[in-house]
Amino acid sequence: MKSITALALAMALAPAAGNASSDVDGDLSAVAPALQRYERGVLDELWTRPGLSARDRSVVTVAAVITRNQPSMMPAQFRRALDSGVKPAELSEIITHLAFYAGWGNAMAAADAAAPIFAERGIETDQLPAAAAPLLPLDEAQEVRRAATVEQTVGPVSPGLVRDTGHVLFRDLWLRPDLAPRDRSLVTVSALISAGQVAQVPFHLNRAMDNGLTREEASEVISHLAYYAGWPNAFSAVPVAREVFEKRTAP
Amino acid sequence: MKSITALALAMALAPAAGNASSDVDGDLSAVAPALQRYERGVLDELWTRPGLSARDRSVVTVAAVITRNQPSMMPAQFRRALDSGVKPAELSEIITHLAFYAGWGNAMAAADAAAPIFAERGIETDQLPAAAAPLLPLDEAQEVRRAATVEQTVGPVSPGLVRDTGHVLFRDLWLRPDLAPRDRSLVTVSALISAGQVAQVPFHLNRAMDNGLTREEASEVISHLAYYAGWPNAFSAVPVAREVFEKRTAP
Amino acid sequence: MKSITALALAMALAPAAGNASSDVDGDLSAVAPALQRYERGVLDELWTRPGLSARDRSVVTVAAVITRNQPSMMPAQFRRALDSGVKPAELSEIITHLAFYAGWGNAMAAADAAAPIFAERGIETDQLPAAAAPLLPLDEAQEVRRAATVEQTVGPVSPGLVRDTGHVLFRDLWLRPDLAPRDRSLVTVSALISAGQVAQVPFHLNRAMDNGLTREEASEVISHLAYYAGWPNAFSAVPVAREVFEKRTAP
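Chains as they are written, first to last, in this note's numbering: chain A, 1 to 251; chain B, 1001 to 1251; chain C, 2001 to 2251.
In structure tokens:
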């Protein structure tokens, strides 16, 4: 078993040509040469694994660094996202979406970090989503079920929260057209796992899979986030994801 | 139902005259016009809702941005708090209180952010709480009950924590006179919800209501925090708040 | 009882000679004189308590400020750690370790903060751990048990996470020689408590105690972290620590 491990590590730690990390920090070798080695080895290799596209990995990572409020990580990750096929309008919508799912201040810090990146790439307002865009059609039946559940559970505690969850989130934000529902779900699930918020994972992981996220992709979201949100958050997501997967495949 | 929603959104999203947000970020329109629209619509409207005064909303928001360690949000929220009737001495005590309930570093970052605001407003030391102020009277019976519970649950694990919880928190910090016990509770509950720390919500929400926070106010604290601490933290607070509300009204 | 408390407070709040905090912030007296008094009283006293050495308290505090991503706390705490006997190579390994247990961005921010401290102290690369150091021997039996458990619980959800947990963490990171397994465990447990991640505390607290952390030290880790990670995180750690302690002493 030891030789397999050695082999796997050798492969994992070899510098991945053409995939030089955009996170490399000049200070790293002066403080933690081992961390730099992991970065050029396992972390670079992570982005090339099957199961989740590089574009989706960027969506997940961007959601993680915004949710965890890490402005120093944002410039490199925002550039990487734009280089990997995340459109400027999508990045803009991810930031807007996370104002509600990670907190207002998180989105404000992300907008501050994104502004110079958008400027350096000449991204103008006409490439951004309209403030008031025509909304995607609402699945009324699904929304009625969701609203009934929230009314029953949240209504007796916070009528204001019930109202905003309907009017601001599910009848507005989620229907904005510049981020596909599947990607909006991917952002939401990534935010929940990154914040250690497992309680809402069942609802949103089911919704993500209803919106087209595959089980293989969801699996890789968790192992990708182990690196960007820490192992404990990834491990905490496992039992709830497992329950979702099992219920969806139960006969 | 659709027309009601449209109406509600139109109202919600109309710029609220005289309530222009102090959070407006110059970069926002260049990155996320939709987020700017939400900020000028739903977020500004939030602050004018019944159920919780603007002053209390500031206490809650200040607690959220300190607990979530968001220095970039602090200057605008500290100014807003002072403008909404939070006294300098109260803001000072909120920061001191959160050293214990959010963590020492959070309070240090808040003090750094508050110093220039206090300077720009000419707030001098004589407007601040004394370092060693005469304490409010202790409710000995209540404190004996609290101490007994903590001794029983925490004592076998961490005698040091038992001692500090009594001597530093409940027999000192909580009795400092420049922040009313009801407001101290409001800060504590807001911090717990903002950090996703639901385990201590039952004790502190009960204490808050014993100290005068109404159920309607507690309800609005949760829906207000949905914006500043993210929807997941608000939703996680709901079932524990519900249990507290129900036990308090049980015959 | 009141006189005991008064006495305890008097002792606790007296400036501890020769232990002037390196955290003192020039702004503090202009914002929160009470907080400054607590800092010079209870916080300085905390570092001198029996049960946990000053060096270990530094390991715990450094883990807390990295996990909680508080760069403004890092310079003083990194200097204090080096002054208290944490070797530069150990600090370097703590940062590397937390890339995995707190998140990549946390370690990057810590490396940024450590670089000028290492420079000011003339710490050169030859004092740092090698990027690829010869590993400590693996306890194969223990590792086989761990791997089997993870395979069973995580395998059906995320095979990638299973693989990395084995190859990158337990067969590589944990075996790096420049941080003793007991200290690596101390860092991990401190990170879990600081992040409110109680789910993984049982595994890692047991491992820490297997690696030599005493029950008295674990107790003091919790009461120390009450200050640096906030009371709620310390209280949330208590019931899981209690269960670990009780199971280990059960006949």
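Just so you know, even glycine gets a beta-carbon here, dropped at the ideal spot from N, CA and C.
State yes or no: is the beta carbon of B/S1158 nearer than 8 angstroms to at least one beta carbon in chain C? yes
Along the segment 1177-1194 of chain B, where does the CB come closer than 8 angstroms to a CB of chain C? Name the residues. A1191, L1192
Would you identify the three-state DSSP class for A/E257, choosing helix, strand or coil? Only positions 1 to 251 of chain A appear in this structure, which leaves residue 257 of chain A out of reach.
Output the distance between the C-alpha atoms of B/D1023 and B/Y1038, rounded to the nearest integer angstrom. A caution first: B/D1023 carries a pLDDT of 40, below 50, which makes its placement in the model too unreliable to give a value.
Distance, A/Y101 Cα to A/S194 Cα: 11 angstroms
Rounded to whole angstroms, what's the CA-CA distance from C/D1965 to C/S2092? Just pull it up for me. Because chain C here runs from 2001 to 2251, residue 1965 of chain C falls outside it and cannot be looked at.
Please give the ranges of any alpha helix (DSSP H) in the segment 1161-1246 of chain B, keeping only runs that are unbroken, at least 4 residues long and fully inside the region. 1181-1194, 1201-1210, 1215-1229
Interface partners of B/T1096 on chain C, CB under 8 angstroms: A2032, A2034, L2035, Y2038
To the nearest angstrom, how far is it from the Cα of B/L1067 to the Cα of B/N1106? It is Thr, not Leu, that sits at residue 1067 of chain B in the sequence shown. The straight-line gap from Cα to Cα measures roughly 6 angstroms.
Near C/R2176, what residues of its chain come up, given a Cβ to Cβ distance below 8 angstroms and the 5 sequence neighbours on each side ignored? E2093, T2096, P2129, A2133, L2135, L2136
Can you name, in chain order, every residue of its own chain whose Cβ lies under 7 angstroms from the Cβ of B/S1021, other than the five neighbours on each side? Any reading at B/S1021 must be qualified, since the residue scores a pLDDT of 39, below 50, and its modelled position is unreliable; the value itself is stated next. E1039, R1040, L1043, D1044, listed in sequence order.
Rounded to whole angstroms, how far is the Cβ of A/V162 from the Cβ of A/G155, which I believe are closer than 8 angstroms? 5 angstroms
Cα-Cα separation between B/V1168 and C/S2219, rounded to whole angstroms: 18 angstroms
From C/A2131, C/E2140, C/K2087, C/V2062, residue whose alpha carbon lies closest to that of B/W1104: C/V2062
C/Q2152 burial status per 10 Å Cβ neighbour count (16 or more: buried): exposed
Between the CA atoms of A/E217 and A/L52 - distance to the nearest angstrom: 5 angstroms
Span of the alpha helix (DSSP H) holding B/D1056? 1054-1067
Kindly indicate the opening and closing residues of the alpha helix (DSSP H) around C/Q2077. 2074-2083
Out of A/T214, A/V221, A/W231, which has the shortest C-alpha to C-alpha gap to A/R248? A/T214
Excluding sequence positions up to five away, which residues of its chain have a Cβ less than 6 angstroms from the Cβ of C/S2029? Q2036
With a cut-off of 8 angstroms on the beta carbons, I'd call B/D1178 and B/A1110 a contact; round off their distance for me. Contact flag wrong, Cβ pair sits at about 16 angstroms.
Taking C-beta pairs closer than 7 angstroms, name the residues in chain B that C/W2047 reaches, listed in chain order. Per Cβ cutoff of 7 angstroms: no residues; C/W2047 is ~12 angstroms from chain B at best.
Start and end of the alpha helix (DSSP H) containing B/Q1142? 1140-1154
Using the beta-carbon of each residue, which ones in chain A are nearer than 7 angstroms to C/S2092? V31, A32
In whole angstroms, what is the alpha-carbon distance linking C/M2073 and B/N1069? 12 angstroms
Could you check whether the Cβ of C/F2203 sits closer than 8 angstroms to any Cβ belonging to chain B? no
Exposed or buried, what is B/P1251 when buried is set at 16 or more other beta-carbons lying within 10 Å of its beta-carbon? exposed
Best match in B/I1117, B/Q1142, B/A1119, B/A1234 for proximity to B/P1203 [C-alpha to C-alpha]: Per the sequence shown, the amino acid found at residue 1203 of chain B is Phe instead of Pro. The candidate whose alpha carbon is nearest that of B/F1203 is B/Q1142.
Report yes or no: is there a C-beta of chain B within less than 8 angstroms of the C-beta of C/W2104? no
Where C/D2164 and A/R242 are concerned, what is the direct C-alpha to C-alpha distance, given to the nearest angstrom? 18 angstroms
Report the residue from A/A208, A/V86, A/L173 whose alpha carbon sits nearest the alpha carbon of A/S190. A/A208
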